[in-house]
Amino acid sequence: MAVVSVVETVSLVVLLANRATVHVPQVASVLGLVHGFAYLATIATAFLLPVDTRTRLLTLVPAIGGLLALNRARRSSDTRRPEKEWRR
Numbered sequence: 161m162a163v164v165s166v167v168e169t170v171s172l173v174v175l176l177a178n179r180a181t182v183h184v185p186q187v188a189s190v191l192g193l194v195h196g197f198a199y200l201a202t203i204a205t206a207f208l209l210p211v212d213t214r215t216r217l218l219t220l221v222p223a224i225g226g227l228l229a230l231n232r233a234r235r236s237s238d239t240r241r242p243e244k245e246w247r248r
């Protein structure tokens, strides 16, 4: 989910930068497809992983939803790990 989330966000940033500056239609058409695929792949990946409902719903937020869901999933997996008990 990490790679797809980053691809989604980076493709949107480049797409918007292209739109704001030179607006090359070929770049927009290719990056539009890449961003759309990455957005849907982020959602599908989150629904296939064993994460809670809020994390899955975060992926529906355009542009940064995948990164937010990834952050939440990592935090919740860290808190679920039992602490090791050290014996002396």
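Numbering (the numbering used here) for the sequence shown: 161 to 248.
Ideal placement from N, C-alpha and C gives every residue a C-beta, glycine not left out.
Fair warning: this is a prediction, and the values are worked out from it, not measured in the lab.
Apply the 10 Å Cβ neighbour rule to residue i and answer buried if 16 or more other Cβ atoms are within range, or exposed otherwise.
| i | result |
| --- | --- |
| residue 171 | buried |
| residue 218 | buried |
| residue 180 | exposed |
| residue 189 | exposed |
| residue 213 | exposed |
| residue 233 | buried |
Can you tell me whether residue i is helix, strand or coil according to DSSP?
| i | result |
| --- | --- |
| residue 181 | coil |
Quiz prompt | alpha helix (DSSP H) runs wholly inside the stretch 210-238, at least 4 long, in chain order | solution = 213-218
Practice problem: Go through the stretch 185-211 residue by residue and report every complete run of the alpha helix (DSSP H) that reaches 4 residues or more, in order. | Solution: 185-208
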